[in-house]
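Asker:
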Amino acid sequence: MSNPQIVFRQTTFTAPSLLLSRRRIISRTTVHAQLDQLRANGQYDCFKLVWHPIYDDKSRWPAPLHLFWDSDVAKWIEGACYFLADEYDVEVDAAVRELVEMIRGAQHDDGYLNVHFSVVEPGKRWTNIRDMHEMYNAGHLIEAALAHSQYYRNDRLMEPIEKYIAHIRRRFGPGDGQLRAYPGHPEIELALLRFYSVTGLRDAYDLARFFLEERGSPAGQDGKHFYDWEAEQRDEPRWKRPNSWPMDRSYWYCQAHAPILQQPAVEGHAVRAMYLLIAAADLLNLSQTSAPSAELRPLAAAADWLAALRRLWSNMVDKKMYLTGGVGAVAQWEGFGIDYFLPQGPDEGGGYAETCASVGVMMLAERLLHADPTLDGRYADVMELCLYNNVMTAMSLDGKAFTYENQLASCAAAPSEREDWFWCACCPPNVTRLFGSLGGYLWDYGGGEGTASVNVHLYTSAEVRFPAGEAEVTLSQESNWPWEGRVSFRLGGAQGLETKIRLRIPAWANGGFTLTPAPPPGTSALERGYLHLSPAYTAANAAFTLDVDGFAPRYVAPHPYTNQRTLSLARGPVVYCVEDADHPWERNHFKDMALKRGGEVEEEWRVDPGSGEGYFALKTVGWERSPEALERGEGGIRRELVFVPFYFRANRGGKGQMRVGLRDDGR
Numbered sequence: 109m110s111n112p113q114i115v116f117r118q119t120t121f122t123a124p125s126l127l128l129s130r131r132r133i134i135s136r137t138t139v140h141a142q143l144d145q146l147r148a149n150g151q152y153d154c155f156k157l158v159w160h161p162i163y164d165d166k167s168r169w170p171a172p173l174h175l176f177w178d179s180d181v182a183k184w185i186e187g188a189c190y191f192l193a194d195e196y197d198v199e200v201d202a203a204v205r206e207l208v209e210m211i212r213g214a215q216h217d218d219g220y221l222n223v224h225f226s227v228v229e230p231g232k233r234w235t236n237i238r239d240m241h242e243m244y245n246a247g248h249l250i251e252a253a254l255a256h257s258q259y260y261r262n263d264r265l266m267e268p269i270e271k272y273i274a275h276i277r278r279r280f281g282p283g284d285g286q287l288r289a290y291p292g293h294p295e296i297e298l299a300l301l302r303f304y305s306v307t308g309l310r311d312a313y314d315l316a317r318f319f320l321e322e323r324g325s326p327a328g329q330d331g332k333h334f335y336d337w338e339a340e341q342r343d344e345p346r347w348k349r350p351n352s353w354p355m356d357r358s359y360w361y362c363q364a365h366a367p368i369l370q371q372p373a374v375e376g377h378a379v380r381a382m383y384l385l386i387a388a389a390d391l392l393n394l395s396q397t398s399a400p401s402a403e404l405r406p407l408a409a410a411a412d413w414l415a416a417l418r419r420l421w422s423n424m425v426d427k428k429m430y431l432t433g434g435v436g437a438v439a440q441w442e443g444f445g446i447d448y449f450l451p452q453g454p455d456e457g458g459g460y461a462e463t464c465a466s467v468g469v470m471m472l473a474e475r476l477l478h479a480d481p482t483l484d485g486r487y488a489d490v491m492e493l494c495l496y497n498n499v500m501t502a503m504s505l506d507g508k509a510f511t512y513e514n515q516l517a518s519c520a521a522a523p524s525e526r527e528d529w530f531w532c533a534c535c536p537p538n539v540t541r542l543f544g545s546l547g548g549y550l551w552d553y554g555g556g557e558g559t560a561s562v563n564v565h566l567y568t569s570a571e572v573r574f575p576a577g578e579a580e581v582t583l584s585q586e587s588n589w590p591w592e593g594r595v596s597f598r599l600g601g602a603q604g605l606e607t608k609i610r611l612r613i614p615a616w617a618n619g620g621f622t623l624t625p626a627p628p629p630g631t632s633a634l635e636r637g638y639l640h641l642s643p644a645y646t647a648a649n650a651a652f653t654l655d656v657d658g659f660a661p662r663y664v665a666p667h668p669y670t671n672q673r674t675l676s677l678a679r680g681p682v683v684y685c686v687e688d689a690d691h692p693w694e695r696n697h698f699k700d701m702a703l704k705r706g707g708e709v710e711e712e713w714r715v716d717p718g719s720g721e722g723y724f725a726l727k728t729v730g731w732e733r734s735p736e737a738l739e740r741g742e743g744g745i746r747r748e749l750v751f752v753p754f755y756f757r758a759n760r761g762g763k764g765q766m767r768v769g770l771r772d773d774g775r
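Note that my numbering has the sequence shown beginning at 109, numbered continuously upward.
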């Protein structure tokens with residue numbers, strides 16, 4: 109089973125592009141800025157197991173402020189190792205080495221490895237698996253170990269992590285004396301399956317599969333739901349519950365209200381849901397590929413797992429996703445509301461759209477491109493939507509500031525802005541590790557004796573190299589995506605191979621594209637969002653060009669059932685917004701501004717003087733009408749509007765006033 113986090117090193121980003129620019133900023137600036145924050149806030153030294161003043165803070169229950177520090181360090185190590193593979197940095201290298209030695213020194217003799225339960229509550233290990241994130245932290249340590257091993261070619265981090273996995277495997281499972289538990293925050297499942305795919309460690313596979321199959325069982329421990337049983341052991345009354353729960357036993361918050369195969373819709377905390385479904389997709393992937401070690405117990409009801417993944421994915425994308433690729437509208441539980449509940453901003457009751465959730469959507473989409481036997485462009489379309497919008501907006505152009513929430517409309521209480529860091533710092537290093545492994549998301553590929561294939565999911569300027577039998581195949585693409593739709597390809601090393609290439613045609617292109625040279629009849633076909641090029645075409649055309657339509661500005665709107673009645677602008681995969689940096693007269697967060705579908709839109713290439721960042725701005729006319737003017741039927745004030753990419757917001761000063769969807773005056 110291949111993973112982007114493993115195969116990304118086979119891809120090289122080549123000519124200048126928006127993605128290459130972002131990766132360079134992260135490599136040369138962001139990794140250092142995040143390292144400075146880890147040092148300043150205490151995470152960097154936490155594995156020394158020395159008391160820190162923040163440990164005295166009891167303001168949050170049940171999860172204290174420092175509970176995720178293990179994962180903050182682990183995610184930084186993971187992302188740093190990805191970028192070290194591209195560009196060596198002596199300071200980053202030294203920090204990774206020092207952190208790994210501190211982690212090794214923090215491990216207990218029995219393999220246990222966790223800061224909070226080593227320093228703050230050493231007698232309460234594994235007593236609150238629902239809330240206390242021991243397995244979540246362990247999962248990120250596992251992912252860090254894999255990245256570290258791949259770059260450094262040693263077992264300095266793999267060795268303690270394998271001991272920790274053995275410790276967890278002894279304690280949890282279906283056997284006598286074991287706890288039939290599963291983590292409140294999924295993450296370890298996907299990490300364990302990735303660990304298994306790299307090492308063949310059977311304990312990692314068995315443990316992940318147990319967590320996935322046991323989750324939500326109503327009679328797991330002594331005939332009770334495990335979280336009920338566990339709370340009884342703590343003498344915890346039912347009325348005492350986390351603030352994120354609107355009522356007692358809100359187990360849907362952590363996707364434990366029912367077994368995964370029985371869940372009709374995606375519910376609860378959005379990041380937890382994504383990490384859980386990523387692991388489910390990988391479990392299915394492993395059941396469909398040859399195992400690297402001993403025979404695995406066959407996955408019963410594999411068709412039901414695929415059906416569940418398709419069902420939950422479709423519910424999320426069709427009914428619970430913002431135009432920007434954001435998911436999770438509700439701030440209280442950082443997650444999904446009811447179907448079509450997608451308010452744009454906090455003052456409307458929603459608009460949360462956490463950065464980590466969209467990173468998770470991208471990861472899930474990539475996994476489903478493997479797990480679903482029908483190569484379907486819907487998954488890659490959503491992956492691209494998230495990348496260029498809700499994920500890319502989560503980091504400033506200079507790489508030093510970040511967002512946790514990504515509302516589509518600002519308000520007085522929540523202006524459009526970024527922060528240097530957060531007390532729960534999950535999002536910044538998630539952006540780093542995603543961009544570090546981004547080459548693995550562009551395409552998937554494979555080859556054997558006499559054959560090769562490449563499925564191209566994302567367009568940019570890059571080259572991939574991979575073996576096909578005795579040959580080394582290369583495929584390069586060069587484009588100015590996401591600003592232009594022309595992509596030039598060159599295939600190398602494929603002489604004598606039957607090579608199939610599939611190119612994604614985005615849904616927003618409405619099926620419009622041109623392939624040059626034109627394919628003779630029978631050598632190409634468009635199926636489920638991919639243009640299939642036959643071996644006959646690739647043998648005759650080592651170089652070819654794809655021109656994708658859809659780069660003219662277009663109006664987009666949320667689903668009618670949201671009752672939003674708004675219009676937005678998009679161009680290619682990029683969604684746009686208005687902000688007061690271009691409209692200094694704005695005082696009310698664009699609430700009074702309206703558009704009419706079909707109005708002329710002019711595009712203008714601009715270069716931001718502060719960052720040197722180039723982008724297409726969109727210009728059109730809007731009408732400003734207050735509620736009173738609407739009641740009186742007045743035409744309002746004509747305004748010249750400038751739209752900029754959503755990811756570009758909050759980079760040029762201003763008052764922090766921004767909106768994606770303006771009132772639709774054409775309905």
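Where a beta carbon is used, it is the ideal one built from N, C-alpha and C, also for glycine.
1. Whose CA, out of H256, L634, G604 and D655, lies closest to the CA of P625?
2. So, using beta-carbon positions, are C464 and C519 closer together than 8 Å?
3. Around the Cβ of Y196, are there at least 16 other Cβ atoms within 10 angstroms (buried) or fewer (exposed)?
4. How far does the beta strand (DSSP E) with I745 in it extend, from its first residue to its last?
5. Find out if the Cβ-Cβ distance for the pair A502, T511 is shorter than 8 Å.
6. Excluding sequence positions up to five away, which residues of its chain have a Cβ less than 7 Å from the Cβ of M424?
7. Given that a residue counts as buried once 16 or more other Cβ atoms are within 10 Å of its Cβ, and exposed if not, what is A648?
8. Tell me whether the beta-carbon of Y277 lies closer than 8 Å to the beta-carbon of V208.
9. Check whether the segment 432-446 touches the segment 480-487, counting contact only when three or more Cβ pairs, one atom from each stretch, lie closer than 8 Å.
10. Which residue wins for smallest C-alpha separation from V715, given the options P753, K699, P454 and W693?
11. Looking at C-beta atoms only, is the number of pairs between the segment 601-609 and the segment 444-458 that lie closer than 8 Å three or more?
12. Reducing DSSP to helix, strand and coil, say where W413 ends up.
13. Mind the definition here: the segment 538-551 touches the segment 176-188 only if three or more C-beta pairs lie below 8 Å; say whether that holds.
14. With DSSP as the reference, please indicate the residues paired to F574 in a beta bridge.
15. For V595 and G458, what's the separation of their Cα atoms in angstroms?
16. Per DSSP, what kind of secondary structure is L641 in: helix, strand or coil?
17. Quick one, which of N262, Q765, R136 and V223 has its alpha-carbon nearest M243's?
18. Is A123 helix, strand or coil when you go by DSSP?
19. What is the residue span of the beta strand (DSSP E) that W713 lies within?
20. DSSP state of A702, grouped into three classes?
21. Using CA atoms only, rank isn't needed, just tell me which of Y645, E474 and N351 is closest to G630.
22. Here's the rule: buried if 16 or more other CB atoms are within 10 angstroms of the residue's CB, otherwise exposed. What is N236?
23. Which runs of the alpha helix (DSSP H) at least 4 residues long sit entirely within the segment 481-529? Give them in chain order.
24. Using DSSP with H/G/I as helix, E/B as strand and the rest coil, what is L164?
25. Is N563 helix, strand or coil when you go by DSSP?
26. At what residues does the alpha helix (DSSP H) containing R541 begin and finish?
27. Please check the pair A437 and N514, which I expect to be a contact at CB under 8 Å, by giving their CB distance rounded to whole angstroms.
28. If you pair each beta-carbon of the segment 117-130 with each one of the segment 543-553, do three or more pairs fall below 8 Å?
29. Which complete alpha helix (DSSP H) runs does the segment 156-242 hold, if anything under 4 residues is left out?
30. Sort out for me which residues DSSP pairs E586 with in a bridge.
31. Rounded to whole angstroms, what is the Cα-Cα separation between G91 and L550?
32. Applying the criterion that 16 or more other CB atoms from any shown protein chain within 10 Å of the CB defines a buried residue, is E708 buried or exposed?
33. Please confirm if the segment 162-171 is in contact with the segment 572-589, defined as three or more CB-CB distances below 8 Å between the two stretches.
Answerer: If we stick to the structure as given:
1. Taking P625 as reference, the option from H256, L634, G604 and D655 with the minimal CA-CA separation is D655.
2. Not in contact: C464 and C519 (Cβ atoms no closer than 8 Å).
3. Y196 is exposed by the Cβ-count criterion.
4. First-last of the beta strand (DSSP E) with I745: I745 to P753.
5. Pairing A502 with T511 gives a Cβ-Cβ distance under 8 Å.
6. Excluding sequence neighbours, M424 sits near V374 and V435.
7. A648 is classed as exposed because its beta carbon has fewer than 16 other beta carbons within 10 Å across all chains shown.
8. It should be pointed out that residue 277 corresponds to Arg in this sequence rather than to Tyr. Taking 8 Å as the cut-off, the beta carbon of R277 is found no closer than this to the beta carbon of V208.
9. Touching, no, given that fewer than three Cβ pairs across the two stretches are closer than 8 Å.
10. Checking every option, the nearest Cα to that of V715 belongs to P753.
11. Counting C-beta pairs with one atom in each stretch, the segment 601-609 and the segment 444-458 have fewer than three that are closer than 8 Å, which means they do not touch.
12. In the structure shown, W413 sits in a helix (DSSP, three-state: H, G or I).
13. Contact between the segment 538-551 and the segment 176-188 is present, because at least three Cβ pairs lie under 8 Å.
14. In DSSP, F574 forms a bridge with V581.
15. About 38 Å.
16. L641 falls in the strand class under three-state DSSP.
17. It is V223.
18. In this structure, A123 counts as coil in the three-state DSSP scheme.
19. Looking at the DSSP string, the run of the beta strand (DSSP E) that includes W713 is E710 to V715.
20. In this structure, DSSP gives A702 an extended state, which the three-state scheme calls strand.
21. Out of Y645, E474 and N351, Y645 has the C-alpha closest to the C-alpha of G630.
22. N236 sits buried, since 16 or more C-beta atoms from the chains shown fall within 10 Å of its C-beta.
23. For the segment 481-529, whole alpha helix (DSSP H) runs of length 4 or above, ordered along the chain, are 485-494.
24. The identity of residue 164 in the sequence shown is Asp, whereas the question assumes Leu. The answer is helix: DSSP assigns D164 an H, G or I state.
25. Residue state for N563 is assigned as strand, using DSSP reduced to three classes.
26. Note, R541: alpha helix (DSSP H), C535 to G544.
27. About 11 Å; that fails the 8 Å criterion.
28. Yes, since at least three Cβ pairs between the segment 117-130 and the segment 543-553 fall closer than 8 Å, the two stretches touch.
29. If one requires a minimum length of 4 residues, the alpha helix (DSSP H) runs lying completely within the segment 156-242 are 177-192, 198-214 and 224-227, in chain order.
30. DSSP, once it has assigned bridges, lists S596 as partnering E586.
31. Residue 91 cannot be examined here, being either before or after the span of the chain that is shown, 109 to 775.
32. Label assigned to E708: exposed.
33. No, the segment 162-171 does not touch the segment 572-589.
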